[in-house]
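If you count the sequence shown from 1, position 115 lands on 118 in my numbering, and the numbers rise without skipping. Note that the Cβ used here is the ideal one computed from N, Cα and C, for glycine as well. These notes are about the structure you will find just below.
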Amino acid sequence: MGVIDSLFSAIAQLTDPRLRRVVWIGVLGSLAIFVVLWFSLGLLTGALDWTQIPYIGWLFDWLGDAAAWLGGLVFMASILVVSFILFPAVVTIIVGFFLEDVIGAVEARHYPGLPPARAQPTAEVLGVTVRFALLVIGINLLALPFYLLLMFLPPMNFVLYYLLNGYLVGREYYELVALRRLAPEPARRLRKAHKGRMLFAGVLLVFFMTIPIINFVTPVVAAAFMVHVFQNLPRRPEFS
């Protein structure tokens, strides 16, 4: 089964009740977090006296009544940019605690002959999830100046975003799945042996994460998708 076929198989299983439950958890949890974030930022910006801030106060005097309208526009644009950058990390944190149900449902339907999964301590699962979230946030914040510079060279800014986050997302979802079946070192060697396929899978997932509405279900699809990708990787004895 190729990468595209794996994606279609994952999407087709969204009707599974176990997957639907995690989808709803992700949707409601993400909405709650972003509503709190937007509301908090709105209160913060409303409480600031912008006319007293150096290099900004004179702009308000110069623009007059148009300053409030322009400030609101800048605020909304900033909210959209921040939400766009942070969304993959936020949603993954929420559903990360429930992805075991998704992976188990996919394995039960498509790979029923598998032996029991490797026992994973809660700390290991939590560590992978939190590390991924922090890595995505940190690297994207570091890359933010490059995103802004490349705005003048479209579509290079999107190329950078998809390649960077595709690598991160592909790697982390792979680890969520692979570490249930392999020890960390063989799992790492297997990933490196198929790094091109992992990058392609990650870019596909990031693309879906940037589509409104669809991005709410993407983490669940991603986990199901990566089960198929992992199970269909060519193996050699050193990867066992």
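Let's see if you can read the secondary structure: which residues bound the alpha helix (DSSP H) around residue i?
{"i": "Leu-10", "result": "6 to 15"}
{"i": "Pro-157", "result": "Looking at the DSSP string, Pro-157 is not in any alpha helix (DSSP H), and its letter there is neither H nor E."}
{"i": "Arg-192", "result": "187 to 196"}
{"i": "Leu-102", "result": "102 to 113"}
{"i": "Thr-18", "result": "Segment: none, Thr-18 is in no alpha helix (DSSP H) and carries neither H nor E."}
Which residue wins for smallest C-alpha separation from residue i, given the options the options?
{"i": "Arg-192", "options": "Pro-215, Pro-237 and Ile-97", "result": "Pro-237"}
{"i": "Leu-202", "options": "Gly-169, Ala-227 and Leu-182", "result": "Gly-169"}
{"i": "Arg-21", "options": "Val-109, Leu-152, Ser-33 and Asn-218", "result": "Val-109"}
{"i": "Tyr-177", "options": "Pro-158, Arg-200 and Val-162", "result": "Arg-200"}
{"i": "Leu-76", "options": "Asp-104, Ile-96, Ile-97 and Gly-45", "result": "Gly-45"}
{"i": "Leu-137", "options": "Glu-175, Val-206 and Glu-188", "result": "Glu-175"}
Alpha carbon to alpha carbon, how far is residue i from residue j?
{"i": "Gly-173", "j": "Ala-122", "result": "23 Å"}
{"i": "Leu-166", "j": "Ser-9", "result": "20 Å"}
{"i": "Gln-234", "j": "Arg-194", "result": "12 Å"}
{"i": "Ile-82", "j": "Trp-41", "result": "7 Å"}
{"i": "Ser-43", "j": "Tyr-114", "result": "45 Å"}
{"i": "Tyr-154", "j": "Ala-80", "result": "Looking at the sequence shown, residue 154 is not Tyr but Met. About 14 Å."}
{"i": "Pro-158", "j": "Tyr-150", "result": "10 Å"}
For residue i, collect the residues of the same chain with a Cβ closer than 7 Å to its Cβ; drop the 5 residues on either side in sequence, then sort them by chain order.
{"i": "Ile-14", "result": "Val-224"}
{"i": "Asp-104", "result": "Arg-21 and Val-25"}
{"i": "Leu-47", "result": "none"}
Can a CB atom of chain C be found closer than 8 Å to the CB of residue i?
{"i": "Met-4", "result": "The displayed structure is made up of one protein chain only, and chain C is not part of it."}
Compute the distance between the beta-carbons of residue i and residue j, then report whether it is under 8 Å.
{"i": "Ser-12", "j": "His-231", "result": "yes"}
{"i": "Ala-120", "j": "Arg-184", "result": "yes"}
{"i": "Val-6", "j": "Ala-204", "result": "yes"}
{"i": "Ile-28", "j": "Phe-101", "result": "yes"}
{"i": "Ile-106", "j": "Val-180", "result": "yes"}
Near residue i, which residues of its chain fall below 6 Å by C-beta distance, leaving aside the five closest residues on each side in sequence?
{"i": "Leu-208", "result": "Val-172 and Ala-225"}
{"i": "Leu-182", "result": "Ala-190"}
Excluding sequence positions up to five away, which residues of its chain have a Cβ less than 8 Å from the Cβ of residue i?
{"i": "Arg-23", "result": "Leu-17"}
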